[in-house]
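Numbering (my numbering), first residue to last: 255 to 365.
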């Protein structure tokens, strides 16, 4: 009986490991143009997507690029990959569709 539970524990552990590793990347991808909102000294960047959604832009912690790297691309069509955070209510420095936390970006159409 003790051997049975030991084998069962190993099988369940391996199955759990397989499911944990098998998760797909659940990132969101949006494409649009950089816009600035607010007034100095409280201006902040946002993204207006091709389908009309509007997000404030933030950079995920630990990334090797900064918000300045992304905003320097203003005027270019860019694609952002990350997560939509709409847990914060619309208000000061939060746009109508929430905050887009960027993990990766690329220029789609450079001017």
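We put the CB at the ideal spot given by N, CA and C, even for glycine.
If you're wondering where the values come from, they're calculated on a predicted model, not measured in any experiment.
When we look at the beta-carbon of residue 362 and count the other beta-carbons within 10 Å, is it buried (16 or more) or exposed? Against the chain shown, residue 362 aligns to sequence position 108. Residue 362 should be labelled exposed.
CB-CB length for residue 347 against residue 310, believed under 8 Å: For the purposes of this step, residue 347 is taken as the residue at position 93 of the chain shown. For the purposes of this step, residue 310 is taken as the residue at position 56 of the chain shown. Confirmed, Cβ separation roughly 6 Å.
Chain-order list of residues whose beta-carbon lies under 6 Å from that of residue 324 (same chain, five-residue window excluded): What you label residue 324 is simply residue 70 of the chain shown in a count that begins at 1. Around residue 324: 359.
Have a look at residue 343 and residue 285 and give me their C-alpha separation to the nearest angstrom. One-based indexing of the chain shown puts residue 343 at position 89. One-based indexing of the chain shown puts residue 285 at position 31. Rounded to the nearest angstrom, the two C-alpha atoms are 23 Å apart.
Between residue 357 and residue 313, what straight-line distance do the alpha-carbon atoms span, to the nearest angstrom? Residue numbering aside, residue 357 sits at position 103 when the chain shown is read from its first letter. Residue numbering aside, residue 313 sits at position 59 when the chain shown is read from its first letter. Cα-Cα distance, rounded: 7 Å.
C-beta contact flag for residue 331 and residue 298 at 8 Å: Numbered from 1 along the chain shown, position 77 holds the residue referred to as residue 331. Numbered from 1 along the chain shown, position 44 holds the residue referred to as residue 298. No, these two residues do not count as a Cβ contact at 8 Å.
At 4 residues or longer, and completely inside the region 297-339: list those alpha helix (DSSP H) runs for me, N to C. 321-325
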